[in-house]
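S.K.:
As structure tokens, this is what we get:
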């Protein structure tokens with residue numbers, strides 16, 4: 001029989017039984033009433049729940065508070081943790097979770113219920129799994145709130161229907177809905193057990209629902225945890241949202257203190273009564289007062305309702321003061337901006353603390369427990385206790401807020417206190433050590449000796465040192481002017497691939513494949529050549545190919561005619577020399593590649609002499625990152641993923657490249673994988689490991705990752721990594737409109753219309769960075785149909801222009817596939833031919849002559865102050881009007897604007913005096929990786945604040961600096977007129 005469907009017993013009876021420790025639940029069936037005999041109730045529930053032990057003297061449950069609860073403006077609940085601010089965070093947005101951890105909230109409630117759409121709940125659960133894994137294995141990042149209570153608000157579907165939790169013994173209990181079952185599974189994860197997550201149960205009608213939550217979670221936890229291991233008691237906070245729940249309030253503690261707090265939800269409560277929420281809240285006074293009294297009697301904190309006007313801090317302040325007067329211990333929040341006000345008002349004020357200290361000093365001076373006059377009023381023992389409570393709570397809050405935010409200083413203190421325990425912690429956090437501190441220098445040396453980077457960090461992504469690392473070296477200059485390496489790495493990349501030169505593809509350069517070659521890959525070519533000519537002759541043949549395929553005229557064409565800024569150079573692991581061919585299919589042919597790395601470095605130098613940078617694309621990895629022959633072999637298997645030997649060799653190859661190129665400013669990045677197989681198993685764990693390794697070699701290196709044909713997931717990863725500092729992570733996506741069946745059904749006009757980068761629309765401003773690593777003017781034969789001759793050529797040109805101009809507007813760079821091929825000028829695949837046809841136009845800045853650049857500099861200099869003042873006024877007026885009463889620090893916007901304007905100027909003038917190598921034009925550059933550059937400046941700004949002030953920057957206003965940087969760049973680009 002459903003226990004939540006019978007008539008409610010009289011409130012006075014419930015209170016009487018509550019005072020006697022009787023365990024009762026309200027039922028509403030007209031057929032039966034609850035047996036009120038304490039003995040019978042005890043027998044009935046003995047097998048269903050853990051009966052609290054009774055005090056042998058008083059006969060009361062030991063869970064109930066034994067002493068009196070002192071109630072005042074700021075009451076003291078002995079043993080209860082602080083829950084002044086109760087911040088809800090929708091879990092489907094990873095950036096919301098990261099931001100919440102930097103707030104000062106006492107409780108952070110990760111929401112899976114009303115704040116998350118049904119279609120996004122699975123994504124929300126995955127985000128929480130990843131977050132808990134990071135917190136449990138690596139700890140908190142610098143600047144995060146390590147004192148906050150972590151809570152999970154689960155779903156409620158199924159609680160309000162006619163069928164509730166399945167009845168029977170606890171061991172057979174099951175959740176009333178699949179959504180709730182999935183939510184509770186999160187609490188049984190090992191990482192969740194380490195973090196002691198508190199459950200917030202919404203729309204609870206009676207304690208029966210919450211009791212079943214604890215039973216079901218316990219059952220789930222026992223499945224994954226050794227029975228001998230102690231599992232801490234699950235803390236549950238029910239939310240009171242209906243008239244039925246308010247009526248049942250006395251029963252929530254009728255069988256002991258089984259809940260950590262109670263939360264009042266005003267909107268749902270009013271909806272259940274069919275009444276509006278009035279401004280003075282008078283129509284909710286009974287419910288709120290009832291909840292406060294029940295909680296204070298049980299010794300748990302009551303949490304007050306949400307202030308919906310989150311932008312109006314005056315209304316929030318008024319509601320907080322009202323809650324304090326009623327006896328609430330905290331308040332729910334829906335925005336981080338509310339936290340400071342809530343925490344302040346639910347804490348004793350400075351005046352209260354001073355009054356309490358003065359009173360207790362007077363009590364000590366008078367040496368009496370009786371009444372006496374103090375500040376014109378008679379005071380006695382109740383007032384003394386009130387003063388004691390104020391000071392006790394004040395001291396508790398001071399201790400709680402001490403080192404709330406993890407800082408570099410607090411980490412160092414912990415290290416010095418317990419070096420051995422924190423060795424691994426520092427390694428995983430990748431904290432940079434100040435050389436001037438001898439003790440820390442010794443710790444750094446100990447880390448090198450005691451840790452194995454590959455073993456300790458792979459394959460688990462969350463345990464990797466790249467997670468949570470500090471931003472820059474301790475002696476790194478912050479907010480300095482961009483260096484040459486910065487301009488080369490972050491400018492817009494207009495370029496092409498030098499494809500199939502160091503990773504052979506038969507369809508491009510068939511001249512290196514003899515007739516006996518059985519496949520289309522590099523391995524097939526070298527194997528056939530060695531069989532015909534031997535190792536030495538094959539080495540000479542390949543070296544002759546590498547040295548002649550790119551002529552001096554080619555480099556001049558790229559620099560002058562095509563205005564290329566960067567080339568993407570695909571290489572393979574075999575390209576690094578014989579040592580990297582051991583125990584691979586290339587082992588027998590390793591000597592062919594004795595000098596291949598020297599030729600690669602010659603390509604880099606030739607490009608640099610013409611002002612062209614190089615992106616090294618690790619195209620062919622051991623085992624193959626995909627099933628295509630351009631991965632090095634024709635086995636048609638992606639045997640990199642899941643193969644520890646191949647993965648380890650890949651890491652060593654990438655480390656070698658990073659070491660070799662760390663002093664080459666014209667190497668602007670290293671791509672870890674080309675065209676990874678779709679949803680390749682362990683791909684992001686591999687990225688995690690490599691990024692950590694490369695960051696220790698060259699923290700300035702930009703790392704490019706393949707999106708694995710899933711750009712949305714890759715973008716989320718890029719945003720996460722770029723928000724933590726270290727190596728910048730840029731997503732490489734390939735845009736072809738010729739391979740997919742859906743594209744083959746479209747005609748050229750439809751395909752041209754389809755060109756876009758819509759995936760970036762909702763990612764702007766978050767620190768994402770994207771380049772289109774490969775694209776072309778090719779369409780499938782079915783798309784072309786009967787279109788031929790000049791009509792086809794014109795459409796191909798339109799197609800190429802539409803793509804090139806779209807990439808210029810939407811992302812950080814693009815690379816046409818490919819520059820040249822042996823058997824024809826290139827056709828719709830050839831950059832050289834399509835550039836000549838006008839299908840791949842150079843960016844406007846790249847073709848600017850010297851006088852145009854100088855004119856732009858003059859206009860920018862002349863307009864600078866006017867632009868700054870106008871932007872500052874617009875920013876200030878907008879936000880002061882949009883959010884009146886909100887705390888701002890508008891000077892940060894001005895600081896950011898100055899920084900952004902100056903950065904844009906340096907990028908713009910970088911090439912002004914460059915010449916040589918046959919270059920006849922000057923040109924200019926703009927910041928192509930805009931979001932990434934702004935994010936980098938924000939991180940530097942925050943780090944500088946930490947260094948100077950010794951604490952984390954107030955993140956409420958950090959966004960103003962970032963807005964300023966972005967606006968300064970935009971204002972510069974607008975005034976020079978090329979962007």
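Numbering (full-length UniProt numbering), first residue to last: 1 to 979.
Think of the CB as a built atom: it goes at the ideal place given N, C-alpha and C, for glycine as much as any other residue.
1) Relative to the C-alpha of residue 492, which candidate in 959, 965, 910 and 944 has its C-alpha closest?
2) Please report the straight-line C-alpha distance between residue 924 and residue 846, rounded to a whole angstrom.
3) Within a Cβ cutoff of 7 Å, which residues of the same chain sit near residue 308, ignoring the five residues on either side of it in sequence?
4) Would you call residue 513 buried or exposed, if buried means 16 or more other Cβ atoms sit within 10 Å of its Cβ?
5) Can you check DSSP and say which residues form a bridge with residue 706?
6) Using only alpha-carbon positions, find the residue among 669, 792 and 936 that is nearest to residue 958.
7) Following the continuous alpha helix (DSSP H) through residue 403, name the residue where it begins and the one where it ends.
8) What do you get for residue 561, buried or exposed, if any count of 16 or more other CB atoms within 10 angstroms of its CB means buried?
9) Under 6 Å Cβ to Cβ from residue 962, same chain only, skipping five residues before and after it: list those, please.
10) Tell me the DSSP secondary structure of residue 314 in three-state form.
11) DSSP state of residue 668, grouped into three classes?
12) Starting from residue 865, trace the alpha helix (DSSP H) in both directions and tell me its first and last residue.
13) Report the rounded CA-to-CA distance for residue 199 versus residue 219, giving the unit in angstroms.
14) Tell me which residue opens and which closes the alpha helix (DSSP H) that residue 253 is part of.
15) Between the stretch 109 to 127 and the stretch 86 to 93, do three or more beta carbon pairs fall short of 8 Å?
16) Could you tell me if residue 893 is buried or exposed, where buried requires 16 or more neighbouring beta carbons within 10 angstroms of its beta carbon?
17) Taking DSSP as the reference, what is the three-state secondary structure of residue 975?
18) Within 10 angstroms of its Cβ, does residue 516 collect 16 or more other Cβ (buried), or is it exposed?
19) Check whether the Cβ atoms of residue 704 and residue 667 sit closer than 9 Å, and answer yes or no.
20) What is the rounded straight-line gap between the Cα of residue 150 and the Cα of residue 196?
21) Can you list, in chain order, the residues of its chain whose CB lies under 7 Å from that of residue 766, leaving out five sequence neighbours each side?
22) So what's residue 575 in DSSP terms, helix, strand or just coil?
23) Taking a contact to mean a Cβ-Cβ separation below 9 Å, would you say residue 889 touches residue 960 in this structure?
24) Just confirm the distance between the C-beta atoms of residue 833 and residue 776, as a whole number of angstroms; I'd bet it's less than 8 Å.
25) Do you know how far the Cα of residue 331 is from the Cα of residue 971?
26) Which one of 548, 835 and 908 has the shortest CA to CA distance from residue 861?
27) In the stretch 181 to 218, which residue ranges form an unbroken beta strand (DSSP E) of at least 3 residues, counting only runs that do not cross its ends?
28) Taking all protein chains shown into account, decide if residue 678 is buried (16 or more other Cβ within 10 angstroms of its Cβ) or exposed.
29) Under the rule that 16 or more other beta-carbon atoms within 10 Å means buried, what is residue 977, buried or exposed?
30) For residue 146 versus residue 404, is the C-beta distance shorter than 9 Å?
31) On the three-pair Cβ rule with 8 Å, is the stretch 478 to 493 touching the stretch 940 to 947?
32) In chain order, what are the residue ranges of uninterrupted beta strand (DSSP E) at least 3 long that sit wholly in the stretch 285 to 370?
33) Just mark residue 264 as buried or exposed, buried being the case when its beta carbon has 16 or more other beta carbons within 10 Å.
34) Applying the criterion that 16 or more other CB atoms from any shown protein chain within 10 Å of the CB defines a buried residue, is residue 947 buried or exposed?
35) Say whether the stretch 131 to 139 touches the stretch 754 to 765, bearing in mind that this needs 3 or more beta-carbon pairs closer than 8 Å, one atom from each stretch.
36) Could you tell me if residue 922 is buried or exposed, where buried requires 16 or more neighbouring beta carbons within 10 angstroms of its beta carbon?
M.R.: Answer, in terms of the structure:
1) Here residue 492 refers to the residue found at position 492 of the chain shown. Of 959, 965, 910 and 944, the residue nearest in Cα terms is 910.
2) As a position in the chain shown, residue 924 is number 924, starting the count at 1. As a position in the chain shown, residue 846 is number 846, starting the count at 1. Taking the straight line from one Cα to the other gives about 5 Å.
3) Numbered from its first residue, the chain shown carries residue 308 at position 308. Same-chain partners within the cutoff: there are none.
4) Within the chain shown, residue 513 is the residue found at index 513, counting from 1. So residue 513 counts as buried.
5) Residue 706 sits at position 706 when you count from the first residue of the chain shown. The partner list for residue 706 (beta bridge, DSSP) reads 732.
6) Residue mapping note: residue 958 aligns to position 958 of the chain shown, counting from 1. Per the Cα distances, 936.
7) Here the question's residue 403 lines up with position 403 in the chain shown. Where residue 403 is concerned, there is no enclosing alpha helix (DSSP H), given that its DSSP letter is neither H nor E.
8) Residue numbering aside, residue 561 sits at position 561 when the chain shown is read from its first letter. Answer is exposed; the Cβ neighbour count stays below 16.
9) Along the chain shown, read from residue 1 onward, the residue named residue 962 stands at position 962. For residue 962, where only same-chain residues beyond five positions count, the Cβ hits under 6 Å are 934 and 938.
10) For this step, residue 314 is matched to residue 314 along the chain shown. Helix.
11) Reading the chain shown from its first residue, position 668 is the one you call residue 668. Here residue 668 sits in strand by DSSP.
12) Position 865 of the chain shown, counting from 1, holds the residue named residue 865. Taken as a continuous stretch (DSSP letters only), the alpha helix (DSSP H) holding residue 865 covers 850 to 882.
13) Start at 1 with the first residue of the chain shown, and residue 199 comes out as number 199. Start at 1 with the first residue of the chain shown, and residue 219 comes out as number 219. Answer to the nearest angstrom: the Cα atoms are 15 Å apart.
14) Sequence index remark: in the chain shown, residue 253 carries index 253 (1-based). Where residue 253 is concerned, there is no enclosing alpha helix (DSSP H), given that its DSSP letter is neither H nor E.
15) yes
16) Numbered from its first residue, the chain shown carries residue 893 at position 893. Flag for residue 893 reads buried.
17) Along the chain shown, one-based indexing puts residue 975 at 975. The answer is helix: DSSP assigns residue 975 an H, G or I state.
18) Position 516 of the chain shown, counted from the first residue, corresponds to residue 516. Burial call: exposed.
19) One-based indexing of the chain shown puts residue 704 at position 704. One-based indexing of the chain shown puts residue 667 at position 667. Going by C-beta atoms, residue 704 is not nearer than 9 Å to residue 667.
20) Within the chain shown, residue 150 is the residue found at index 150, counting from 1. Within the chain shown, residue 196 is the residue found at index 196, counting from 1. Cα to Cα, residue 150 sits roughly 8 Å from residue 196.
21) Sequence index remark: in the chain shown, residue 766 carries index 766 (1-based). These residues qualify, in order along the chain: 95, 719 and 931.
22) Within the chain shown, numbered from 1, the residue matching residue 575 stands at position 575. In this structure, residue 575 counts as helix in the three-state DSSP scheme.
23) Within the chain shown, residue 889 is the residue found at index 889, counting from 1. Within the chain shown, residue 960 is the residue found at index 960, counting from 1. Result yes, Cβ atoms of residue 889 and residue 960 sit closer than 9 Å.
24) Within the chain shown, residue 833 is the residue found at index 833, counting from 1. Within the chain shown, residue 776 is the residue found at index 776, counting from 1. Contact doesn't hold; Cβ gap of about 11 Å is too wide.
25) Residue numbering aside, residue 971 sits at position 971 when the chain shown is read from its first letter. Residue numbering aside, residue 331 sits at position 331 when the chain shown is read from its first letter. Each residue's Cα considered, the two are about 43 Å apart.
26) Residue mapping note: residue 861 aligns to position 861 of the chain shown, counting from 1. Residue 908 is the option with its Cα nearest to residue 861.
27) 198 to 201
28) Along the chain shown, read from residue 1 onward, the residue named residue 678 stands at position 678. When all chains shown are included, residue 678 counts as exposed.
29) For the purposes of this step, residue 977 is identified with residue 977 of the chain shown, where counting begins at 1. It counts as exposed.
30) Here residue 146 is taken as the residue at index 146 of the chain shown, counted from 1. Here residue 404 is taken as the residue at index 404 of the chain shown, counted from 1. Closer than 9 Å, so yes.
31) yes
32) 302 to 304 and 330 to 333
33) In the chain shown, the residue the question calls residue 264 occupies position 264. Per the 10 Å Cβ criterion, buried.
34) Numbered from its first residue, the chain shown carries residue 947 at position 947. Burial call: exposed.
35) no
36) By 1-based counting over the chain shown, the position of residue 922 is 922. By the neighbour-count rule (16 or more Cβ atoms within 10 Å), residue 922 is buried.
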